[in-house]
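Note that the sequence shown covers residues 14 to 83 in the working numbering.
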Amino acid sequence: MRVERNTTTKNQLVGVLPTHGVVNHALAAGYGAGFQLAFAIALLGFAVAVVVFRSTRILRAAQVVEETAA
């Protein structure tokens, strides 16, 4: 079964001016995608920071326990 897709090629767009609504939609979609990517990167950075600071706190606590036991 073949699915027909409604696509537009570059040659079909030559000489055609996009409408104001199309430009606004494309701009909003681009900003939306950019903010989603920025959120994912920030969330990943936060997770890495939490893991790093938690592991150093656990290591310091282990050192204190060893020093007090000795």
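Even for Gly, the Cβ is constructed at its ideal location relative to N, Cα and C.
| Rounded to a whole number of angstroms, what is the C-alpha to C-alpha distance between V35 and F48? | 20 Å
| message | How far does the alpha helix (DSSP H) with L26 in it extend, from its first residue to its last? | response | 23 to 26
| query | Got a sec? Which residues, its chain only, sit under 7 Å from A39 by beta carbon, not counting five neighbours each side? | reply | none
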